[in-house]
Each structure stands twice: as C-alpha cells, then as structure tokens.
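2 protein chains.
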Amino acid sequence: MTDLLAEARKLDARDPLAAHRDAFVDAPGVSAYLDGNSLGRPLRELPDRLAAFIREDWGTRLIRSWDEEWMDLPTRLGDRIGALCLGAAAGQTVVADSTTVLLYKLMRAAVDARPNRSDIVIEEGNFPTDRFVAEGVAAERGMTLRWVAADPVAGVQVADIEAVVNENTALVVLSHVDYRSGALADMAAITDAVHASGALMLWDLCHSVGVIPTELDACGADLAVGCTYKYLNGGPGSPAFAYVNARHHGVLRQPVQGWMGAGDVFAMSSAYAPADGIRHFISGTPPVLGMLAMQGMLDLIEQATIDAVREKSKTLTDLVVQAYDEELAPLGVRLLSPRDAAARGGHVTIGHPDFAEVTKTLWADGVIPDFRFPDGIRLGLSPLSTSHQEALSGVLAVRDALG
Amino acid sequence: MTDLLAEARKLDARDPLAAHRDAFVDAPGVSAYLDGNSLGRPLRELPDRLAAFIREDWGTRLIRSWDEEWMDLPTRLGDRIGALCLGAAAGQTVVADSTTVLLYKLMRAAVDARPNRSDIVIEEGNFPTDRFVAEGVAAERGMTLRWVAADPVAGVQVADIEAVVNENTALVVLSHVDYRSGALADMAAITDAVHASGALMLWDLCHSVGVIPTELDACGADLAVGCTYKYLNGGPGSPAFAYVNARHHGVLRQPVQGWMGAGDVFAMSSAYAPADGIRHFISGTPPVLGMLAMQGMLDLIEQATIDAVREKSKTLTDLVVQAYDEELAPLGVRLLSPRDAAARGGHVTIGHPDFAEVTKTLWADGVIPDFRFPDGIRLGLSPLSTSHQEALSGVLAVRDALG
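Going line by line, the protein sequences match chains Y and B.
In this text, residue positions in the first sequence follow our numbering: the first is 1, and each later residue adds one.
In this text, residue positions in the second sequence follow our numbering: the first is 1001, and each later residue adds one.
Written out as structure tokens, the structure is:
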C-alpha cells in the first residue's frame, strides 16, 4: 500500500503554486474545504479592496464613477476572463446577470436565429437550470426538446451528439465539465459536429472557468456562459458571464431589451436600437459591487497562469482517485468520475448509500465536500486554494466517517 | 426676498432626522451631493459589515451558509422592504436580478395571463428600460404597444389612463414617480381604473422606494418592481425587487425558469415544477454579496420611519422650489416638476439650454446633480443623507454657474 500522506507531502513540496494558498482567508475550524467548485473561498485582500471602493469610487466619486469606470466594467472584466481563461479575443465576453438569465437570453437569441428548425438538444443529465431554461424556451417557442443520453461517468461523447443532431436542430446546449461526474467534453469535436448540422452550440462553462483552459475562438464556439463564484471566487451569487462569438454580433438578438444594451444608453430614445457588439447582451444596470471580488482571483490566475492551474488540478484529482482506490473502494464506495485526468475537470465524485449522513458528520467536523442527491459526494479541488494534503485528508475523513 | 440660508438653517435645526447624516461615508471635495436618486451614498458601517461577512459567513461557514442563511435572503430582504417601504405583507416581495430583468419577467407573466388581450399600455415618457422591455415583449407576443400621453410636468393622471384602457388591454406599465419630473402618480385611483378594464397593473417604484411610502396591498396592486441603489443605498448595480400580489401566486408564470425558482431546488428533478409562492419569480443564484449594503439603509429607515423620511423629502424639495423661484426663474430656468409637494416625489427637475455645460462645471467643483438629456438638471434629495443647506447650496451653485 502506498504511503498516501508521504505522496501528498511530496506533491505539495513540489507544487509551484503552493504559496498562493496564503492569499485566501483563513477558515477556523475547517480542516479541508472541498467545495471550491460550488463556492470559491474569499481572498485576504478583499476587505481592503471593498473598503477602498466604498470610500473612493462609490463614496467620493459617487455617480461620476459610472462615466469614469463602471460603464465599461462588464466588457473590461469579460475581456479579462476571456483572455486569461477562455481563449476568447476581446469584445466577445461580458459579465452580467446570473448564469440562468444569461442562458435564457442566449438560448432565445439562438433559436430565434434558426426559425425554421424545431429542436433544442440538451443532455439529460445537464445541470437543472440549463434543462429548465431549455424546457421553458422550447415550450414558449413551440419547439421540441431532444434529450441526449450520455454515460453518467464518461459524459457526453461526439457520437452521442452525432446521433441526435440533424437539419431540425436549432441549438445544442452542453456543459463542458459535467457538474456531477466532472467528465470533460471534447469541445472542438462536438462543436464541429453541431455545426455540421447547421445548428448553434451553447457551452456551459460553470465548472470549467478558472480551473481548465478553454479555446472558444479556436473551437469556433458560438455561445458560452459560466459563473464566477466557483473557481473565480467572486462570492455567493456573483454575476455570470456570456460569450458571443463576434460573427454573431448584430445578428443574434436577445429578448430582454434594456437600456444598458441599447446603442446609446443615455439618449433616452423612443425605440430600442441594440448596441452593435457584445454590449447588446447586457440588459439592466451592471452589478458593479458583485464584480469586485473576482478581480483579485483573476490577478492570481494571471500570475499563476491557467495552464499551471490545470496541471495542479490534475495532480490533485489524481491523488484523490489514488486514495479512493486504496481507502474507499474496499468499503464499497463507487467512483463516479473518469479515471483519466485528461478526461476530467476539477472535481471527483464518489457514491455510497450512506453519503447523506456522512456529509452531515463531515460538515460538523469541518471537512466540507458537496453532497449531491441522492448519494454522491463531490470533492471539488480549487487548485489555488487547496493543498494535496488537504485533498487527501478529505478522502480519509470520508473513510473514517463510513467506518 | 427671503433669506434662504437662514430658512435652510432653520429647517436643519428642526430636522428630526439630521443626526442620520453622520451615518454616511464622507465625500472629500463634494460640497453638495444631489444625485441620491441615481446612486445613494454608502454607509460608514458598510466596510465592517462586508469584512465580517467575508471573514465569517463566506470565509468560514463557506458553502454551509447557503443552508444557514442565504437561501432565504431574497425573500427575507424582500419582506423587509415590503414592510418598511411598500405596504406589502410578507411573502410577496423578492430581491433578485436587475430592474430590467424583473420587468421582463413580470411583463411576460402578465401578458401570458391575459392571452385574449392584445395591448400593452405604457406612458410615452416612461424610463427607457421600461419602454424597451415593453416594446420587446409586445413584439415577441404579437401584441400592440399603446402609448399614454401625459403632461411632462404633472405626470400621468387617472383620466389619461381611462382614455386608453379597454377590453383589449392586457397590462399597464407606469412609474409611480416620474424619473424626469418627479411627478407622483395616484396609485390607488389608477390601479382601480386599470382593474376596471380587466387588465393587470405593473408599477415601477424605482424613484419611490425608500423615499415615499406606497401601499401596494391596500391599493390592490398586482405587480411592482424597483431598484435598491437609489434611496435604498444598495450600491452600484445592487439587485432589484419584485412584488407579486399573493392572489397571483401559482397563476402567473414567469418565463426564465431557473433552479432557484423551482419547487424543490436540490431535487435536480427532470422537469421544472415552479415554487408555489414568490420564490417562483427567482431564476438564478441569488446575488448575496449585492444584498448586503442595503441592509444598513433599511436599519436606518426602520429607525427613522418612512413617513418621517417622506416629510423631510417634502421640506427639502419645497426649499428647492422656493430657491428656484427666487434665484433661478429670473435667469430663464424652467421648473419641470410639480409645485405641490404632495404631487411630487424626492427630486426636483429644472431646465435650461446651458445645463449640459453647467453640469460639467458643477461636477468639477464638487456639486453633483444629475444631467438629463437634452437640457435638464435633476436635483435628487435623499432625505437621510442630505441637509437643507446642502440642497440650497446646489441651487445657488447652479445660479452661479449660469451667471
């Protein structure tokens, strides 16, 4: 049997990103935080950043800050996320709303641009809000929802998509990293397959952004959304982002026509004339206060590089799988994530009938994974804030709680 | 000629709310902030509130805070706004999204509930985002937008509404306080007139909430929205609120079907089943961080009472009108707000062809009103943070800049 603790210590000693862990707020009483893929931890610098913002930008510049700084913040921040994490050239990414609202706006824009096609295709295990929005859009546009079946561990494959898309498909909606299994979809190949049918492709990047680089431009992606409170540490309910490839600007129209997406925001004109570029996808007043926390995390990612973050994500999840094999498999725990790190995002999911109870015990003891109904535990490992020893201790705590 | 300064000093000396001004962050270099109706000032207590939130709720309780506190925050905070400011019983108000997104959701819910009616009625001078959303909803539902003409100073009257609503009207959308003139609409009488036609009434309370009490339940209002970054001092882009009268719960359905508006959020069920009550009007993850700043202001309003806030609002705007008569009318400045405080909200608007230039001069000098295209200056007077002397100094600065 491997000495797992020695292995974890060795990995931490070699970890080029180890020092970044000090950038996060201490959590007294929490020995292992394994839910950075639900809610990333706050940075130590954040209270000072917010206090300075309150004193200066908001408190002293007051309304003048809209002209001086805030009007462009949604696109400036979007561009930064695009450059650091998404492989997206400037002018195609915007921070706004929630993931759900952006999913609605982009799905509506997409299907309204394919009026002669009847189907929206979505994976049957996709995150509920993706499915619910698609269900609503299909119903209101008189369209049909077509379900893609995928292996619950391996996730959706190109062949799964090719089997269902055709000349009736208006839009395909998939998650890049499956929220349950962590399975990583082949973005380039699937986007190509969808385009071959003439449909548009919308990627949900909630479990990708900040932990695994994507190449939206290089893949020819049409549309993407993602959230900023997981691996971008934007805080609970921080705003989401939308990517709309420049070739669709001025063509795709979203339905929530607001003043901040109009061509001339302060003209107070009598009819809505959409902004030319990505700004059209904004509706209401940008949530400025909610866009501050993620900026410190983007600074960290810029220093670390997203490729190094991804490398550490692999060693973290590999260690968890190794520890699972040795410590949990013998107890009847199932591995619900791919074994190959190259086919996996930033979390590892395991299953056991007792996990609802186990999670309660762990949470009370300061070991905090995520419980997924009905019997899954997700071990989410945010590379910049999580050590290998912390990840290992989570697995061992699960073992002890089961014992 | 009145000694205006003596008058202002006297009003400040008698002002029972004067001490609350100390609750707000200092703005060095700003001698008069007259744009609290665009962006309320931050409270001094806010940096500590946020630091405690970051250290404890977010940083230490981490994901556990969703169960412990955050899931109910949208309705808890909505109930508080409803009780303190709106005359709304619990369970009918929710904080979420932006005003624009909530306008879209409520307008869609309303017109979809009146499928045999063809018209949406809106005042032609309503705020652009209200008009743009209505225009979009009308277009996508194959409906007709009917414009109400209203006197630009006196604002919309009951007779204006009676002249246009009929058996074809599905929905009427009006602002309670006009964003330009500050004119106050008669909520009770207009709601009755709209109901007499069988239509639903949606009130925009952006320029009302926190400065003038409304009686939504007593007026039999159907729907309302409002923002929290003006007189509720929630910070730039803080989330909005929606009110849906309980008699419409389970009947009206909004189109942005998200996981947080589902009956069982974590069931991850296969089809969307809406929550029974006001929660259905939530779509995505609640913007928790954006809901913190307004809580301090609600504490202040609770101490002061909304009726006392309204009384001070009247003495502030009365003083501005008096100073206008004496100092600005002789210079050819027009009064664009009602003279009677009972017919006016919390701001006074004046007009002059040079006001675009005047505003630049004032802003550079630390006197900060709001410019409204093409030639208006709005003097927005947030009662808890504004003194009578400050309001007066704004009028005198306009005079000096014109001279």
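Ideal placement from N, C-alpha and C gives every residue a C-beta, glycine not left out.
Predicted model, so just to flag it, every value in this text is computed and none were measured.
Run through the DSSP bridge pairs and tell me what residue i is partnered with.
| i | result |
| --- | --- |
| Leu223(Y) | Leu202(Y) and Val244(Y) |
| Ala27(Y) | Looking at the DSSP assignment, Ala27(Y) forms no beta bridge with any residue, so it has no partner. |
| Asp35(Y) | Gly380(Y) |
| Ala1183(B) | Arg1344(B) |
Give me, in chain order, the residues of the same chain whose beta-carbon lies closer than 7 angstroms to that of residue i; leave out the 5 immediate sequence neighbours on both sides.
| i | result |
| --- | --- |
| Gly1261(B) | Pro1274, Ala1275, Arg1279, His1280, Phe1281, Ile1282 and Ser1283 |
| Leu73(Y) | Pro286, Val288 and Met291 |
| Val1194(B) | Ile1161, Val1165, Val1172 and Met1201 |
| Val1156(B) | Glu1123, Val1148, Ala1150, Leu1174 and Ala1185 |
| Asp12(Y) | Ala18, Ser387, His388 and Gln389 |
| Glu1215(B) | Gly1087 |
| Arg49(Y) | Leu292 and Gly296 |
Apart from the five residues on each side of it in sequence, which residues of its chain come closer than 6 angstroms, Cβ to Cβ, to residue i?
| i | result |
| --- | --- |
| Ala1188(B) | Cys1219 |
| Gly351(Y) | Arg334, Leu336, Asp375 and Gly376 |
| Ile1212(B) | Arg1310 and Gly1345 |
| His1249(B) | Gly1277 |
| Ala342(Y) | none |
| Leu102(Y) | Val225, Ala240 and Ala242 |
| Asp1222(B) | Leu1200, Met1201 and Asn1245 |
| Ala89(Y) | Asp217 |
According to the neighbour-count rule (16 or more other Cβ atoms, all chains shown, within 10 Å of its Cβ), is residue i buried or exposed?
| i | result |
| --- | --- |
| Gln1092(B) | buried |
| Lys1010(B) | exposed |
| Ala271(Y) | exposed |
| Glu327(Y) | buried |
| Pro16(Y) | exposed |
| Lys1360(B) | exposed |
| Ala293(Y) | buried |
| Gly78(Y) | buried |
| Gly263(Y) | exposed |
| Val330(Y) | Here residue 330(Y) is Pro; the residue named in the question, Val, does not match the sequence. Under this definition Pro330(Y) is an exposed residue. |
| Phe1127(B) | buried |
| Asn116(Y) | exposed |
| Gly234(Y) | buried |
Per DSSP, what kind of secondary structure is residue i in: helix, strand or coil?
| i | result |
| --- | --- |
| Ala13(Y) | helix |
| Gly1155(B) | strand |
| Thr144(Y) | strand |
| Thr1228(B) | coil |
| Thr169(Y) | strand |
| Val1177(B) | strand |
| Leu1043(B) | strand |
| Leu1216(B) | helix |
| Ala163(Y) | coil |
| Leu331(Y) | helix |
| Val1133(B) | helix |
| Leu1005(B) | helix |
| Arg1252(B) | Note on residue identity: the sequence assigns Leu, not Arg, to residue 1252(B). It is coil, neither helix nor strand. |
| Ala150(Y) | coil |
| Val194(Y) | helix |
| Arg61(Y) | coil |
| His1207(B) | coil |
| Leu1336(B) | coil |
Beta-carbon within less than 8 angstroms of residue i's beta-carbon, same chain only, minus the 5 sequence neighbours each way: which residues are those?
| i | result |
| --- | --- |
| Val1209(B) | Ile1081, Cys1085, Leu1086, Gly1226, Cys1227, Thr1228, Lys1230, Tyr1231, Leu1232 and Phe1241 |
| Val320(Y) | Val348, Leu379, Leu381, Ala391, Leu392, Gly394 and Val395 |
| Gly1332(B) | His1352 |
| Arg1021(B) | Leu1384, Ser1385, Thr1386 and Ser1387 |
| Thr1099(B) | Thr1129, Asp1204, Cys1206, Val1225, Gly1226, Cys1227 and Ala1240 |
| Gly1029(B) | Gly1366 |
| Tyr324(Y) | Val333, Leu335, Val348, Ile350 and Val395 |
Notebook entry, point to check: Which runs of the alpha helix (DSSP H) fall wholly inside the region 63-128 of chain Y and span at least 4 residues, in chain order?
Noted result: 73-81 and 99-112
Checklist line | Runs of alpha helix (DSSP H) wholly within the region 257-324 of chain Y (minimum 4 residues, chain order) | finding: 293-304 and 306-323
Next item on the list: Jot down the residue ranges of each uninterrupted beta strand (DSSP E) in the region 1339-1401 of chain B, minimum 3 residues, whole runs only, in chain order.
Entry: 1347-1351, 1370-1372 and 1376-1380
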